[in-house]
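The sequence shown runs 1 to 365 under this note's numbering.
All C-beta atoms, glycine included, are put in the ideal place defined by N, C-alpha and C.
Quick caveat, the model's predicted, so the values are computed rather than measured.
Working notes, beginning with the structure itself.
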Amino acid sequence: MLLNLTILPGDGIGPEVTEQAVLVLQAIADAFGHQLQLQSKNIGGAALAAANDPLPADTIQACIASSAVLLGAVGSPAFDHYPNHLRPEAGLLRLRRELGAYANLRPAICFPALEDCSPLRADLVRGTDIMIVRELLGGLYFGEPRSIAGAPGSRVATNTMTYGEPAIERIARVAFDLAMKRRQKVLSVDKANVLECSRLWREVVTRCAKDYPSVQLSHMYVDSAAMSLVQRPKDFDVVLTENMFGDILSDQAGGVVGSLGLLASASIGGPVGVYEPVHGSAPDIAGKGIANPLGAVLSAALLLRHSFELEPEATCIESAVSAVLNQGYRTADLARAGQSPLSTSEMGRCVVAELKASSSSVAIA
Ligand code: IPM
Ligand code: MG
Numbered sequence: 001m002l003l004n005l006t007i008l009p010g011d012g013i014g015p016e017v018t019e020q021a022v023l024v025l026q027a028i029a030d031a032f033g034h035q036l037q038l039q040s041k042n043i044g045g046a047a048l049a050a051a052n053d054p055l056p057a058d059t060i061q062a063c064i065a066s067s068a069v070l071l072g073a074v075g076s077p078a079f080d081h082y083p084n085h086l087r088p089e090a091g092l093l094r095l096r097r098e099l100g101a102y103a104n105l106r107p108a109i110c111f112p113a114l115e116d117c118s119p120l121r122a123d124l125v126r127g128t129d130i131m132i133v134r135e136l137l138g139g140l141y142f143g144e145p146r147s148i149a150g151a152p153g154s155r156v157a158t159n160t161m162t163y164g165e166p167a168i169e170r171i172a173r174v175a176f177d178l179a180m181k182r183r184q185k186v187l188s189v190d191k192a193n194v195l196e197c198s199r200l201w202r203e204v205v206t207r208c209a210k211d212y213p214s215v216q217l218s219h220m221y222v223d224s225a226a227m228s229l230v231q232r233p234k235d236f237d238v239v240l241t242e243n244m245f246g247d248i249l250s251d252q253a254g255g256v257v258g259s260l261g262l263l264a265s266a267s268i269g270g271p272v273g274v275y276e277p278v279h280g281s282a283p284d285i286a287g288k289g290i291a292n293p294l295g296a297v298l299s300a301a302l303l304l305r306h307s308f309e310l311e312p313e314a315t316c317i318e319s320a321v322s323a324v325l326n327q328g329y330r331t332a333d334l335a336r337a338g339q340s341p342l343s344t345s346e347m348g349r350c351v352v353a354e355l356k357a358s359s360s361s362v363a364i365a
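Quick look at the structure:
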C-alpha cells in the first residue's frame, strides 16, 4: 500500500519526536511491504518564522493532497505576544477545521510496566484503559463572537461556547461506535447544571444512545468527572466530551497513566486525519534530545489504524512500545531513581529494533 503522508514537525520538541515516529513508520513499511511517501511542511511557530503565517497555503494544500498528516507539536513562547490569529496554535486550529477533523480520539492506557510511574497507587491505575472522545471543532475554541474590546483599563474579553445538535450527534456516534468495540460504556461529561450547551449536549447524547441499546450511557458533570478520574481511573471506558473539557481531561489522563509524553491522538472525521501526540511543544526541554517520542510513535500507530485500516501494523507498533517498556527502557519523564534515562533517539531506536525482531515473524505470514 502507498502511505502518502504529510509530516508537520512544528515547534519545540515536535521535530525531535516526529523524527522518531517517522523512523518507526519506515521500519513498519519495510516489514509489511508498504511504500512510504513523505513530504514535510511547516506549521505553527516554524511557519510563522518562515512565512509569517502559522498555516501557509502550501502546507494545507499538501495535507489535503495526502492520505494522512503526522504532526509534532505547535507553540512557542516567542509568539506569546502576537495577536490570536498569528499565534502558532492558530495554525493547528485552522488545520483541524480545514480538514474537518471533528473527532479527537485520545487513548490513555496504563502500560503494565509503568504502573509505578503514575503518581497514583499502582493498584488504582493498574488496568486503566480510557478512550477520550473529544469534540474538536466546536465550543469555546471556535465560537463567535470572540474579542477583546474597549479602552485600556476597562476592556472586556468575550468568548462564546456554542453547540448545534448535528455537531453533538456526530461526535456522540463516534463515541458509541467505539464503545461497541470496547467495554460498551460511554460516560458523557458536561456541565449541564450551569451551561445551556451542556443541557443540549446531554439531551442529544441521550437520544443517540437509543440506537446503541447494548451500550451503557452515564453522565457526569466535568468537575466531578475530574475527581473520579484520579480516584478510580479504571472504571472509565469511553469518555465523550466537548472541546475544552476534553482538552483539560486528556492532559489529566496523561498524568494519571504516568506521563503526558505517552499519549497519542487521532483527529478524524474529515477526508484527511491528523495524528499528533497530546503533549505540547515543551520549549523547556526542546533541542535537548530528552523528550519522550512514544506519544508520537503511538500516534503513528493510530494513523495506520484509522487512516489506512492497517490494524496488524498498528498493533505491531503498540506491542513494540509495550515490549520496550517491559524491558525497562525509559526516557527522562519516566525514569525512576536508579534508572538511567534514554535519549529521544535511543528510545526510537529501541522501538525500531523491537519492531524488526517481532515483525519478521508476523509480516511474512
Ligand atoms: C491539544 C493542545 C491544543 C488544544 C493547543 C496547542 C491549541 O493543547 O491538542 O490538546 O488546545 O487543542
Ligand atoms: Mg491540550
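State yes or no: is the C-beta of D247 nearer than 6 angstroms to some heavy atom of the ligand MG? Checking every heavy atom of the ligand MG against the Cβ of D247, one is found closer than 6 angstroms.
Compare the beta carbon distance of S259 and E276 with 7 angstroms and say whether it is the shorter of the two. Their beta carbons are not under 7 angstroms apart, which means S259 does not touch E276 by this criterion.
L92 Cβ short of 6 angstroms to the ligand HEM heavy atom set: This structure simply doesn't include the ligand HEM; it includes the ligand IPM and the ligand MG instead.
Whole-angstrom Cβ separation of V98 and I43, contact assumed at under 8 angstroms? Correcting the residue identity first, residue 98 is Glu in this sequence and not Val. Separation of the CB atoms of E98 and I43 is rounded to 12 angstroms, and the pair is thereby denied contact status at 8 angstroms.
Measuring CB atoms only, is the segment 195 to 202 touching the segment 247 to 259, in the sense that at least three cross pairs come out at less than 8 angstroms? Look at the beta carbons and you see the segment 195 to 202 not touching the segment 247 to 259: under three pairs across the two are nearer than 8 angstroms.
Candidates N4, G150, V133 and T160: which alpha carbon is nearest G143's? Minimum Cα distance to G143 is reached at T160.
Is the segment 232 to 240 in contact with the segment 168 to 182, if contact means three or more CB pairs nearer than 8 angstroms? Output reads yes: the segment 168 to 182 touches the segment 232 to 240.
Does the distance between the C-beta of E242 and the nearest non-hydrogen atom of the ligand IPM fall short of 6 angstroms? Checking every heavy atom of the ligand IPM against the Cβ of E242, none is found closer than 6 angstroms.
Could you check whether the Cβ of E19 sits closer than 6 angstroms to any heavy atom belonging to the ligand IPM? Not one heavy atom of the ligand IPM lies closer than 6 angstroms to the C-beta of E19.
In angstroms, rounded to a whole number, what distance separates the CA positions of S307 and S67? The alpha-carbon atoms of S307 and S67 are separated by roughly 7 angstroms.
heavy atom of the ligand IPM below 6 angstroms from E311 C-beta: No, the Cβ of E311 stays beyond 6 angstroms of every heavy atom of the ligand IPM.
I need the boundaries of the alpha helix (DSSP H) containing H306, first residue and last residue. Taken as a continuous stretch (DSSP letters only), the alpha helix (DSSP H) holding H306 covers L294 to F308.
Do C110 and V125 have their C-beta atoms within less than 7 angstroms of each other? Yes.
Among residues of its own chain, excluding the 5 on either side of C117, which ones have a beta-carbon nearer than 7 angstroms to its beta-carbon? Within the same chain, C117 has close Cβ partners G258, S259 and L334.
I need the straight-line Cα distance from I364 to E313, nearest angstrom please. With a pLDDT of only 47 at I364, under 50, the local geometry of the prediction cannot be trusted, and the value read off the model is given with reservation. Approximately 12 angstroms between the Cα atoms of the pair.
CB L302 to CB A357, shorter than 7 angstroms? No; because the gap between Cβ atoms is not below 7 angstroms, this pair is not in contact.
Under the three-state reduction of DSSP, which class applies to E276: helix, strand or coil? Strand, per DSSP.
Does the segment 7 to 23 come close enough to the segment 37 to 53 that 3 or more CB-CB pairs lie under 8 angstroms? Verdict: yes, contact present.
If you follow the alpha helix (DSSP H) that T6 is part of, which residue opens it and which one closes it? Unbroken run through T6 is the beta strand (DSSP E), L2 to G10; no alpha helix (DSSP H).
To the nearest angstrom, report how far apart T206 and L178 are at their CA atoms. If you take the alpha carbons of T206 and L178, they lie about 16 angstroms apart.
Based on the DSSP output, what are the partners of L187 in its beta bridges? Beta bridge pairing from DSSP links L187 with S218 and V239.
So within the segment 74 to 113, which uninterrupted alpha helix (DSSP H) runs reach at least 4 residues, ignoring any that extend past its ends? Positions of the alpha helix (DSSP H) runs, each at least 4 residues long and wholly inside the segment 74 to 113, are given as 88 to 98 in order along the chain.
Three-state class that DSSP yields for M227 in the structure shown: In this structure, DSSP gives M227 a helical state, which the three-state scheme calls helix.
Near V222, what residues of its chain come up, given a Cβ to Cβ distance below 6 angstroms and the 5 sequence neighbours on each side ignored? Sequence-distant partners of V222 (beyond 5 residues in either direction) whose C-beta falls short of 6 angstroms from its own C-beta, in its chain, are V189, K191 and F245.
What does DSSP give as the partner residues of S147 in its beta bridges? Looking at the DSSP assignment, S147 forms a beta bridge with T158.
What is the DSSP secondary structure of Q39, reduced to helix, strand or coil? For Q39, the secondary structure class from DSSP, reduced to helix, strand or coil, is strand.
Terminal residues of the continuous alpha helix (DSSP H) containing S319? Secondary structure note for S319: its alpha helix (DSSP H) is the uninterrupted segment E311 to N326.
Relative to the C-alpha of A337, which candidate in L5, S345 and G328 has its C-alpha closest? Closest by alpha carbon: G328.
What does A68 pair with, by DSSP beta-bridge criteria? Partner(s): L5 and G273.
Run through the DSSP bridge pairs and tell me what E135 is partnered with. Paired residue(s): A103.
Sequence-distant residues of the same chain with beta carbon closer than 7 angstroms to D193, five excluded per side: It is Asn, not Asp, that sits at residue 193 in the sequence shown. Y221, listed in sequence order.
Cα separation between S218 and A103? One alpha carbon belongs to S218, the other to A103, and they sit about 20 angstroms apart.
Roughly how many angstroms separate the alpha carbons of P293 and C350, rounded to a whole number? Cα to Cα, the separation comes out at about 11 angstroms.
How long is the line joining the alpha carbons of A266 and R305, rounded to whole angstroms? CA-to-CA, the gap between A266 and R305 works out to about 10 angstroms.
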